[in-house]
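To start, the structure itself, in structure tokens.
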Amino acid sequence: MVPIPKIAPGTEFGPLRIRGERVFVLTGAGVSAESGVPTFRDAGGLWEQHRVEDVATPEGFWRDPEMVWRFYSQRRLKAREVQPNPAHVALAKLERELGDRLFLCTQNVDALHERGGSKNVCHMHGRLMSTKCSRCAREPFDDENAYEAPPKCPECDALLRPDVVWFGEMPHHLPRIFETLEQTDLFVTIGSSGAVYPAAGFVSHLRTVGRARCVYIGLEEPENAHSFDECRLGKAGELVPSLFEVDKR
Ligand code: NAD
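Per the numbering used here, the very first residue in the sequence shown carries number 27; after that it's consecutive.
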């Protein structure tokens, strides 16, 4: 039988004690919200005043590459102004404590986990500060530039594009992610609406393979709440710093 999740304000729960368990943390846009990076849902389907279909799909890019590059260039400029919040910093501390027993996977394209001190971050939806060719196999490269006009690949002359995973595209690192899920004892999702797949399905996958305790942290109940053991409601920046208690013995 599927257990009924306990859904309550985060302050009603005790810390998650870790004594040798393997921990998988999945973060979504909500972990960066307190840093001032807008989420999808808060804007009612619009993303920084744009329709998601126009700026986050391959079709939108090919319809108007100039507008899409202006959008991501604006986001690159804005990204310089935001700072990691206490949730990012707490997850970096957890990495120092757990080493490779922590797998931090983010749906976010921002670099706030790294800027908060995390060294090993799996960016399943790509990175804002990276660019790749829309046609050839040239390696994606670090790129903080803001472009007025769509840049071209120096090797094949096709358009370059932001190295982010758009709707309808395959996320990165899925084999590694699913392999890690199989070995996970504690799965924690932070600030993700549970509406964007495949990430939203990781928790139900864990239910089929077995043994992990599954905890959600976020402002409101996610769409996939039924698959978690607990939904701890509140802001990531307030709940995450006291969420984990690592037993170092
Ligand atoms: P989402 O926008 O669908 O959902 C965000 C969730 O975070 C909501 O459930 C909301 O209640 C919660 N939330 C808002 N403020 C919070 C806070 N302070 N603390 C805790 N939770 C909070 O985001 P998603 O589920 O990550 O999926 C949408 C897609 O959006 C992803 O693919 C991601 O790549 C993309 N995205 C990324 C960024 C970023 O890089 N920072 C920003 C917007 C969207």
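Yeah, the Cβ is synthetic: ideal placement off N, Cα and C, and Gly gets one too. Just so we're clear, the structure is a prediction, and the values are computed from it rather than from any experiment.
Problem - Of the listed residues G36, V266, P166 and N111, nearest to L186 (C-alpha basis) - result: What you label residue 186 is simply residue 160 of the sequence shown in a count that begins at 1. Of the candidates G36, V266, P166 and N111, the one whose C-alpha sits nearest the C-alpha of L186 is P166.
Exercise for the section: Kindly indicate which residue of D183, T132 and F228 has the alpha-carbon position closest to the one of V190. Expected result: In the sequence shown, the residue the question calls residue 190 occupies position 164. Nearest of D183, T132 and F228 to V190, Cα basis: T132.
Practice task
Please indicate yes or no: does the CB of A172 lie closer than 8 Å to some heavy atom of the ligand NAD?
Solution key: Position 146 of the sequence shown, counted from the start, is the residue given in the question as residue 172. It does not: the Cβ of A172 is nowhere closer than 8 Å to a heavy atom of the ligand NAD.
Handout entry: Sufficient close CB pairs (3 or more, under 8 Å) joining the segment 44 to 64 to the segment 259 to 273
Key = The segment 44 to 64 vs the segment 259 to 273: in contact.
Handout entry: F228 versus E208, E60 and M196, residue with shortest Cα-Cα distance
Key = Position 202 of the sequence shown, counted from the start, is the residue given in the question as residue 228. Comparing Cα positions, the closest option is E208.
Practice task
Could you say which of S61, L245 and T210 lies nearest to G236 if we only look at CA atoms?
Solution key: Within the sequence shown, the letter at position 210 stands for residue 236. It is T210 whose Cα lies nearest to the Cα of G236.
Practice task
Determine, using beta carbons only, whether I203 and T53 come nearer to each other than 9 Å.
Solution key: On the sequence shown, residue 203 is found 177 positions in, with the first residue counted as 1. On the sequence shown, residue 53 is found 27 positions in, with the first residue counted as 1. No. Outside cutoff.
Exercise for the section: Throw me the rounded Cβ distance for the A105 and L154 pair, which I believe falls under 8 Å. Expected result: Within the sequence shown, numbered from 1, the residue matching residue 105 stands at position 79. Within the sequence shown, numbered from 1, the residue matching residue 154 stands at position 128. Their Cβ separation, rounded to whole angstroms, is 6 Å, which keeps A105 and L154 in contact under 8 Å.
Exercise for the section: Confirm, please, whether the CB-CB distance from A262 to A113 is below 9 Å. Expected result: Taking the sequence shown and counting its residues from 1, the one referred to as residue 113 is at position 87. Taking the sequence shown and counting its residues from 1, the one referred to as residue 262 is at position 236. Yes, Cβ-Cβ distance for A113 and A262 is below 9 Å.
Problem - Unbroken stretches of the alpha helix (DSSP H), 4 residues or longer, contained in the segment 225 to 249 - result: 228 to 235
Exercise for the section: Check whether the Cβ atoms of F193 and P31 sit closer than 9 Å, and answer yes or no. Expected result: Position 167 of the sequence shown, counted from the start, is the residue given in the question as residue 193. Position 5 of the sequence shown, counted from the start, is the residue given in the question as residue 31. Not in contact: F193 and P31 (Cβ atoms no closer than 9 Å).
Exercise for the section: Have a look at Y223 and C182 and give me their C-alpha separation to the nearest angstrom. Expected result: Along the sequence shown, read from residue 1 onward, the residue named residue 223 stands at position 197. Along the sequence shown, read from residue 1 onward, the residue named residue 182 stands at position 156. In this structure, the alpha-carbon of Y223 lies about 33 Å from that of C182.
Exercise for the section: Please name the residue or residues paired with L259 in a DSSP beta bridge. Expected result: If you number the sequence shown from 1, residue 259 lands on position 233. Beta-bridge pairing by DSSP links L259 to P35 and G244.
Exercise for the section: Could you have a look at T210 and say whether DSSP puts it in helix, strand or coil? Expected result: Counted from its first residue, the sequence shown places residue 210 at position 184. T210: coil per DSSP, three-state reduction.
Exercise for the section: In the DSSP assignment, find the alpha helix (DSSP H) that holds F254 and state where it starts and stops. Expected result: Taking the first residue of the sequence shown as 1, we reach residue 254 at position 228. In this chain, F254 is not harboured by any alpha helix (DSSP H), its DSSP state being neither H nor E.
Handout entry: CB contact flag (F66, A55, <9 Å)
Key = Numbered from its first residue, the sequence shown carries residue 66 at position 40. Numbered from its first residue, the sequence shown carries residue 55 at position 29. A contact, by the Cβ cut-off of 9 Å.
Practice task
Report the partner residues of H320 according to the DSSP bridge assignment.
Solution key: One cannot answer for residue 320 here, as it falls past the ends of the chain, which runs 27 to 275.
Exercise for the section: Could you please give the first and the last residue of the uninterrupted beta strand (DSSP E) stretch that includes R43? Expected result: What you label residue 43 is simply residue 17 of the sequence shown in a count that begins at 1. Taken as a continuous stretch (DSSP letters only), the beta strand (DSSP E) holding R43 covers L42 to I44.
Practice task
Flag T37 as yes when its Cβ comes closer than 8 Å to any non-hydrogen atom of the ligand NAD, and as no otherwise.
Solution key: Here the question's residue 37 lines up with position 11 in the sequence shown. False, no ligand heavy atom lies under 8 Å from that Cβ.
Problem - Span of the beta strand (DSSP E) around V49 - result: Locating residue 49 in the sequence shown gives position 23, counting from the first residue. V49 to T53 is the extent of the beta strand (DSSP E) around V49.
Handout entry: Cut-off 7 Å between Cβ atoms - residues of its own chain near S58, not counting five sequence neighbours on either side
Key = Here residue 58 is taken as the residue at index 32 of the sequence shown, counted from 1. Only N134, D136 and L138 meet the Cβ criterion.
Handout entry: E256 Cβ short of 8 Å to the ligand NAD heavy atom set
Key = Numbered from its first residue, the sequence shown carries residue 256 at position 230. Every heavy atom of the ligand NAD is 8 Å or more from the Cβ of E256, so no.
Exercise for the section: Enumerate in chain order the residues of its own chain whose CB-to-CB distance from E123 is below 6 Å, with the five nearest sequence positions on each side excluded. Expected result: Here residue 123 refers to the residue found at position 97 when the sequence shown is read from its first residue. V272.
Problem - Exposure label - R101; buried when at least 16 CB within 10 Å - result: Counted from its first residue, the sequence shown places residue 101 at position 75. Counting Cβ neighbours within 10 Å, R101 comes out buried, since at least 16 surround it.
Handout entry: Straight-line Cα distance separating A118 from K145
Key = Stepping through the sequence shown from its first residue, residue 145 is reached at position 119. Stepping through the sequence shown from its first residue, residue 118 is reached at position 92. Approximately 8 Å between the Cα atoms of the pair.
Handout entry: For C179 and C162, believed in contact at Cβ under 8 Å, the rounded distance
Key = On the sequence shown, position 136 is the one that residue 162 refers to. On the sequence shown, position 153 is the one that residue 179 refers to. Correct: roughly 6 Å between the Cβ atoms.
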